[in-house]
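In UniProt numbering, the protein residues as written are 1 to 229. Below is one structure, written out as structure tokens, with a few remarks after it.
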């Protein structure tokens, strides 16, 4: 295994134009998590070996961008709209090599736009916006971090309302907590308290006791801050 590099090439077939392309991913043995922020953002030992940078796959041929969470299904009319608004405007470029945070931000914005045109599940779009917020946090761009947290909240709310998170790795408790925590981070304290309370109310019906504990911690922090102001 001598000389093994953290990045390797993974081949994908573009679900839009059907061309194949390769893009970098991080080998799991090089991914070392040292902790998590309160909105589940992983903190990695190495900034370079951060798999979030390589989460999005960008087809260099047509520009269509997607993640492994994206559905292969295109609702009627969406391929035509993507062709007009993405593929015909695409200036060929390759995001398949090593990425900086700025490169990665571009891939997420492309993917979120593609997912919106494709009428992708709200839970998938929410995950893209949340990772965008995390990337902006990593470079201390508070304004853009807040912008994408707000967009993520909107998508998580839609997902919770229509239930499109069901069958994914995001549970009901997790989505309720995320809406609460992202609301707290954008200073919408009323909404944060409301959703943390929803998590706590479900504590007897969930095995995700750690998330319930986190909601209780955030709820008490808010109460303490309100007492002191």
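Cβ coordinates follow ideal geometry from the N, Cα and C atoms, glycine included.
- Taking each of 202, 229, 145 in turn and checking the Cα distance to residue 172, the smallest one comes out for 202.
- The three-state reading of DSSP puts residue 113 in helix, counting H, G and I together.
- From the listed residues 50, 210, 38, the smallest Cα separation to residue 32 is found for 50.
- When DSSP assignments are scanned along the segment 3-44, no uninterrupted stretch of alpha helix (DSSP H) that is 4 or more residues long falls wholly within it.
- Within the same chain, Cβ atoms closer than 6 Å to the Cβ of residue 121 are found at 164, the five residues on either side in sequence being excluded.
- The Cβ-Cβ distance between residue 125 and residue 112 falls below 8 Å.
- Collapsing the DSSP output to three states places residue 138 in a helix.
- The Cβ atoms of residue 64 and residue 114 sit closer than 8 Å to each other.
- Only residues of its own chain outside the window of five on either side were considered, and among them 183 have a CB closer than 6 Å to the CB of residue 191, listed in chain order.
- Pairing residue 141 with residue 134, the inter-Cα distance amounts to about 10 Å.
- In this structure, residue 26 sits away from residue 35, with a CB-CB distance that is not shorter than 8 Å.
- The beta carbon of residue 143 sits closer than 6 Å to none of the beta carbons in its chain outside the five residues before and after it.
- Here residue 57 is bridged, per DSSP, to 66.
- Within the same chain, 193, 196, 197, 200 come within 8 Å of residue 219 by CB-CB distance, once the 5 residues on both sides are set aside.
- Assignment of residue 47 by DSSP, reduced to helix, strand and coil, places it in the coil class.
- The beta carbons of residue 189 and residue 146 sit about 15 Å from each other, so the pair does not count as a contact at 8 Å.
- By the neighbour-count criterion, in which 16 or more other beta carbons inside 10 Å mark a residue as buried, residue 70 falls on the buried side.
- Under the three-state reduction of DSSP output, residue 186 falls in the coil class, being neither helix nor strand.
- In terms of Cβ geometry, residue 95 and residue 107 form a close pair [threshold 8 Å].
- Short of 6 Å from the beta carbon of residue 160, and not among the five residues preceding or following it, lie these beta carbons of its own chain, in chain order: 175.
- Spanning the alpha carbons of residue 177 and residue 213 requires a straight line of approximately 10 Å.
- For residue 118, the secondary structure class from DSSP, reduced to helix, strand or coil, is coil.
- In the structure shown, residue 154 adopts helical secondary structure according to DSSP, grouped into three states.
- Taking 8 Å as the cut-off, the Cβ atoms of residue 60 and residue 21 count as close.
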